[in-house]
Amino acid sequence: MENLNLEIITLITGVILVLIGIWGLLTQKNLIKIVIGFTLFDTGIHIIMVSIGYVKNRTAPIIDQSVNINDVGNSVVDPVPQALVLTAIVIGLGVTALMLTYVLKMYQKRKSLEINNYNDLKW
Amino acid sequence: MVGPIYIIAIALGTAFSLGFFKKANSNFSFAFMLFAMAFMTFISGQWLYAFLTQQQETIQIFTAGFKPPFSISLQMGLHESVFLSLINIIGLLAAIYLYDQFREKGVQMMMVFVLLFMGLNVVIMTRDIFNLFVFLEIASIATAGLIILDKSINATSAGFKYIIATAIISGILLIGIIAIYYFAGSLFINDIIKLNLIYVKGGAVAVFLVLIAIILELKPFPANGWALDVYEAAHPGIGAIISAASASAGIFVLAKILPIVGDSGYYIIGLIGIITFLGSNLLGLKQDKANRLLGYSSIGQIGLLLTIIGLTPYLGDKTLFIAFGVLISHALAKAGLFWLAGIVNSEYIKGWAAIRRNPLLLVLMGTFIFALVGFPPFPSFFAKWELIMQLANNDKIIWLALILIGSFIEGIYLFRWFGYAIKEKNEDLPEFPIKLNKVIPVSIVAAGLYLIGYYTGLAIPEAAIINYIPLLFIVIIFALDFLPAYVKNSISIIGLAYYSYTIIPAYFENDMLRFIFVVIFLVGGILTFIAGYAYKGKRRGFYPVALIMYVGLVQIIQAENLLQFFFGWELMTAGSYFLIIRGKKSMAHALSYMLFSMGGAYLILAGFALAQQGQMSLSLDVLSSLSNNVFIIISLLMIGFLTKTATLGLHIWLPGAHGEAESDVSPMVSAILLKAGVFGLIILLTSTIKNIETVSIVYILGWLGAITALIGNLGAAFQEDAKRLLAYSSIGQLGYIVFGLAMMTHLGWLTAFTYTINHFMYKAILFLTIGAVVLRVGTHNMYEMGGLIKKMPFAFIAVLIGIIALAGVPPLSGFTGKWLLYNAVILKGWYFQGAIAFFAGIIAFLYLFKLISSIFLGQLKDNHRNVKEISIWFIIPIYILIIGLMIFAAKPELILQPMGDIIAQYFPDGRLNWDGGLATTPIGNWHGTHIMIIIGVMFMLLLTWLVVLSRKAQKVKQFNIVYSGERPFTPETTHISYNIFAGYNKALGFLVMPWITNFWNFMSDIIHDTAGFVRRIYSGNGQTYLAHIIIYIVVVYFVFFN
Amino acid sequence: MINLIIAIVIGVLILIMAIIAVHHKNIVVGIIAAGVVSLFASILYLLLAAPDVAMTEAAIGSGLSTIIFFYVLNKIKRQNG
Amino acid sequence: MVKNSLIFIVLIGFAVLLADLFVGFNGNTDLNTLANHYAVSGPEEVGSANLVTAVVVTYRGLDTLGEVTILFLAAAIVSFLLKVEAGASLNRKLRSTSEILDTASRILVPVIFLFGIYVFINGHLSPGGGFQGGAIIASGLVLMLLAQPAKEVGHKLITLVESISGISFVLIGVAGVLFAAGFLDNKLLSLGKFGTIFSAGVIPIIYIFVGLKVGAELSGIITNLHENQNEA
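Protein chains in written order, with the working numbering: chain D, 1 to 123; chain Y, 124 to 1165; chain F, 1166 to 1246; chain R, 1247 to 1478.
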């Protein structure tokens, strides 16, 4: 357990989640399942990002009573990845909503959720 | 000046405000949005102007009042301003073009549209790598939104494929960015560059992920199925934006992050680029849907750009110029073509035949096609030139070859498509409306191509001296296209006459060799134009293209350096292509002509590139001081020129191209155009005369020439189509010229020159006459003619003189040539080759006899009872040429003596000795004037004798023919020239079996089958495309990083 | 130390849920499982001293995102029936 | 399944790639220069107690603007796609809702809205901010729609809020160029007393607009899906 840090555990979780997401994206035939695969992939990336900003035994980057105002640099974790993840999560939501709307539209046209039924364009 | 940050403010402000207008008048919203786009264009344009003219320094824009890396910073420099201006102008034009869609779909689309361009703008300016990610997302989401404007199922599913593909790519990019942040501790690109992450364990992988994601955004082959589907399904207006604007931004981003990767990135990018360029163009070959074809071509062009970026270490400071030339041509031409696709509205490329109902649109399409392939005067021409030269200078021969092969393949499908537009049947194609707001943007980008092309040319010293005034003259002629043909004909003749007046005298004094060719080109041009008076109506498009060919030909003569020569060569090719495709059944022939010409031109280009390698000069003189790769250079150039002389193996384009051309075009492309190849050969051989390698090459050339003469004449003998007969005969005649040149002796060259001049005259006479006859009788087939001698005596006499000259029978100048040829052969000792040439000469009699007998002698056909003499406008040039022929025959010393002096510079030994009109060689002598007189007297005696005798002759009645009571099933078969040489065919037919045609068809089939097989990877399944992306990443990673 | 154990447990749960989300035949279960992945992820964020991210993930990733999934699924089912 | 095994192999390749990427990762022990600057000088420069907020709204304000734009784009596209084509029949099948849910939602929805507003107003002091607040407001809306499916949500109002807050965001940014040191500069207003509501320059104001905008955008997506829901 000596080398096993919190952020390494979460990082590994994130990486595996990314792989599971890609697996879902590549193997599931149902359009909604594919979108689910994407959200997993996305969440995995977010976990990786937050893990990378973590510093052992430090608190959240919010200056309140628990933080010594004169020694902020040595008491908080990195705020940058967190800020980036905030942005990424919102972007992910926008993309997911868009994908689902496409799925809905495709279903309305052809009454099928099988991705194999949308191969008209090719070559 | 207005700060770049206002681009963001204006775009966002507009997009957010548009929400207010949801129910308001759409026209107002549209104007509002258009204003925003115009303002963005204005801001980027004024910066571009400042950078170009006022030594403006690159500026950094810090947001939030903090310096980077603490805040996001933007950068505005020359390069940024160029890209921003390009993208915003395309955006502005696209907005105008999409007016109807905006009106129909409402404000949401306008919001999405403005935001797309804002995204692209920031993507170019930002110096923060995460900010780059955010605005790339904006751009791709906005693109996804625009794709489904078209609510068809295909557009929706293409949009879905697009969005999942870009989402995956963005995810990969994000992982890369956060890892870079981990290793570099900064998101500021300038900081990251300094850290050389590529040498850090793990850092290299992070950089790789960012790089591969950006490359994947550029749709590399084969991980690009999603993009192709989008190109096919989306509205062409959107396709234009993706292809022109988004891809340009993508290229810029790649260039921006490349310093992070460092030098090791170049190799990967170059390799990915060339694979994309070749693969995408190859698959484009099998494509028959217009939008998808454009998609393949777009991806191919981006591949070329990637290749150029990847070759930066070898291209040095020329990289920017080259990339700019290719990019601007691609962006403008592709935008224009996509927009045209929206106007023509035809799913399949064959349906583009409808476009020629509007000549302006057809011209625009031609502009874009030629700009894409890299013809002058477009920026891509100069860019490609520089690219090839630089590659040669750095010994990157394989890259050079691959790039030329890819360009060639792209040319195949682009010209096939263009051929359909010009020639495919269009009677039953649906009408399409032409709206001003759609035509204007297309016209503007086309004009931009010409303008930028002119200025790019100025940037190369060797090109800056190109004389653009003749091209301007062509533009004027084109602008006057609405006038009747005779007016334009007169203007063209005056133009050529003036051109001749300004340049010919100087050549006469200083350079006899060029003088001969320039006279053939210009005087020949004037003479053939005189025949043009015979045509009624407007003859739309004829004069500009004919003049392009002549201007190109003269520029070849005038060229002082390789670039000018190649410029003229390509102009000539373009002009002659248009001339040839004008013929009624010329579509396939024009394509094959174009392909052989393009292939030949690329060989010449490669040859030039290798020739100037290491010589720091583009002067034509470099050819005479070759030191490395001499054999290869000479072979490349020689094969290139031999495509134009239609030498054996490279001749299959000629019969169709010449045979099917219009009556006054055949002489242009036969008597005149073929001489360009001869001129090229002469330049090549005179320059490389001292190179020992030349010896073995010309030996092969000699055999080629002799066999070509034989095969050409045999081919002519088996023809039943009069014009094809003449076309094959040209192949044979050019074979003699090549044979003469190959001897590399004084007499050999004199022979070649004599044949050159002769062929010009008698082939012009014959083609003009036969063409004029064809105009009267309406068929090329000789067995459908006959007995025209009384109807067309002038034509008969012209053909008679023509064939006497061609056959080499005394007293006409053909004999001069033959006499010289046999002397030269004997002195050279090439007996076998000489024997073949001699045998070929005998065969010439066969077909020449047929030409006169079956057309003018025999029975007059019923339906020709009322035909008139050929047009006076044909008779005039024909008889001028006949006079010229007679003078040359009677007084050959007038030309051959000075010619001999020229040749003596190169081959001083074994001269022809002149004593007045008496020419002497070591083995004999001959006197042109005397022979003329003697034969003339004999001829008169014989004629008188015949006239006296013919009193007793009995006229044969029209139907005084007996077939043993049998009525022939097809009356043509009874014609004398129907299958006339069946017997010979049995004996010699194997020689004219279409081995060579079959060979080229086989090659073409192989390539097409490969394309058809490979493109099956694009299964249409979005998930497969995703798998391609992941596989691509993994494969590239393991290939390059392990 | 306790954080470590929680992290491992949550991490394993996330992966199990993710596999369920991908492989369960019933799409409704899949969507819920994906939502749970997000919810657990937000706990990880809390452990990683990222309360802002945790809030966002909880509200957006497991909340709104799941709702949108259901709206779309519901709509599709209605069209089917 | 040949195909799936192929994908599995590729995924292993990808896993190796990611492993190569993070093989040296052993957790941070210290902040890097950039983060350290934010932590040490951030409170002084920006005046926000929540450093994440300082980074999101000020240092990387352009990202946030872009992010809001992405949601805006998504909302616009969804609304465009789900726009009911003219002439489509509007037969609404409404589910009856229980009295309890209805009543609860009547009480809860305003509270949720208030909570959302609280979250984004206090974004510079405590965890939370515009995105979280906006999302909370949107969830309130979802609850409302669940309880009262027939409820017509004012599209005009949503659009108005969305547009006004978006434009205000941009205008604050431009004001930064004109009156302070750059686009979205925080020092447009005085930084105030550290740790109080009225501090941290324009951050609270921007976060209010972000909150409103995000809320409106998410609500737009949801109402569009919802209304489409009832029209089969």
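Built from N, CA and C at the ideal position, the CB exists for glycine as well.
- The Cβ of Ser615/Y sits no closer than 8 Å to any Cβ of chain R.
- Listed along chain R are Ala1381, Ile1382, Ala1384, Ser1385 and Val1388, each with a C-beta nearer than 9 Å to that of Gly1228/F.
- By the Cβ rule, the region 1302 to 1311 of chain R does not count as touching the region 92 to 99 of chain D, because fewer than three pairs are nearer than 8 Å.
- Here DSSP, grouped into helix, strand and coil, assigns Trp996/Y to helix.
- Less than 8 Å divides the Cβ of Gly858/Y from the Cβ of Thr770/Y.
- DSSP places His1050/Y inside the beta strand (DSSP E), whose first and last residues are Gly1047 to His1050.
- Each residue's CA atom was taken as its position, placing Gly1040/Y and Asp1032/Y some 21 Å apart.
- Closest in C-alpha terms to Met99/D, from the list Ser263/Y, Ile195/Y and Arg226/Y, comes Ser263/Y.
- Near chain R, meaning a CB-to-CB distance below 7 Å, no residue of the region 202 to 213 of chain Y qualifies.
- In the three-state reduction of the DSSP assignment, Glu1463/R falls in the helix class.
- Chain-ordered, the chain D residues with CB closer than 9 Å to the CB of Ser1372/R read Ile62 and Asp64.
- Secondary structure of Gly126/Y (DSSP, three-state): coil.
- Inclusion of Val496/Y and Glu533/Y in the CB contact set at 8 Å is warranted, their separation being smaller than that value.
- In this chain, Trp1037/Y is not harboured by any alpha helix (DSSP H); it is covered by the beta strand (DSSP E) spanning Asn1036 to Asp1038.
- Across the structure, Asp787/Y and Asn549/Y are spaced so that their CA atoms are roughly 26 Å apart.
- With respect to chain F, the C-beta atom of His1472/R has a partner C-beta closer than 8 Å.
- Short of 8 Å from the beta carbon of Lys519/Y, and not among the five residues preceding or following it, lie these beta carbons of its own chain, in chain order: Leu434 and Tyr437.
- Annotation: the continuous alpha helix (DSSP H) that includes Ala454/Y extends over Thr442 to Val467.
- Identification of chain R residues near Asn254/Y by a Cβ-Cβ cut-off of 9 Å yields Arg1306, Leu1308, Asp1309 and Gly1312, ordered along the chain.
- Residue pairing of Lys798/Y in beta bridges, as defined by DSSP: absent, with no partner found.
- In the three-state DSSP reduction, Ser66/D falls in the coil class, being neither helix nor strand.
- Using a CB distance cut-off of 8 Å, Asn116/D does not count as an interface residue toward chain R.
- Remark: C-beta atoms of Leu889/Y and Val932/Y do not approach each other more closely than 8 Å.
- Pro1450/R sits buried, since 16 or more C-beta atoms from the chains shown fall within 10 Å of its C-beta.
- Residue pairing for Ala267/Y: DSSP places it in no beta bridge.
- At a cut-off of 8 Å, the C-beta of Thr430/Y has no neighbouring C-beta in chain R.
- Val1202, Ser1203, Ala1206, Leu1209, Tyr1210, Leu1212, Leu1213, Ala1214, Ala1215, Pro1216, Asp1217 and Val1218: these are the residues of the region 1202 to 1219 of chain F whose beta carbon lies less than 7 Å from some beta carbon of chain D, given in chain order.
- Put simply, the CB of Gln28/D is far from chain R, with every gap to its CB atoms at 8 Å or more.
- Using a 10 angstroms sphere on the CB of Val1060/Y, the tally of other CB atoms stays under 16, which defines it as exposed.
- Nearest CB-CB separation between Gln1394/R and chain F: not below the 8 Å threshold.
- Assignment of beta-bridge partners to Lys412/Y by DSSP yields Tyr471/Y.
- Beyond the five residues adjoining it in sequence on each side, Ile600/Y comes within less than 8 Å, by CB distance, of Lys611, Ile614, Ser615, Gly618, Tyr666, Pro667 and Leu670 in the same chain, given in chain order.
- At least 8 Å separates the CB of Val15/D from every CB of chain F.
- For a Cβ distance threshold of 8 Å, residue set Ser1142, Gly1143 and Asn1144 of chain Y lies close to Asn119/D, ordered along the chain.
- Within its own chain, the residues whose Cβ lies closer than 8 Å to the Cβ of Leu685/Y, once the five positions on either side in sequence are excluded, are Glu585, Phe731, Ala734, Gln735, Leu741, Ser742, Leu743 and Val745, listed in chain order.
- In this structure Ala840/Y touches Tyr970/Y by the C-beta definition: roughly 4 Å separates them, less than 8 Å.
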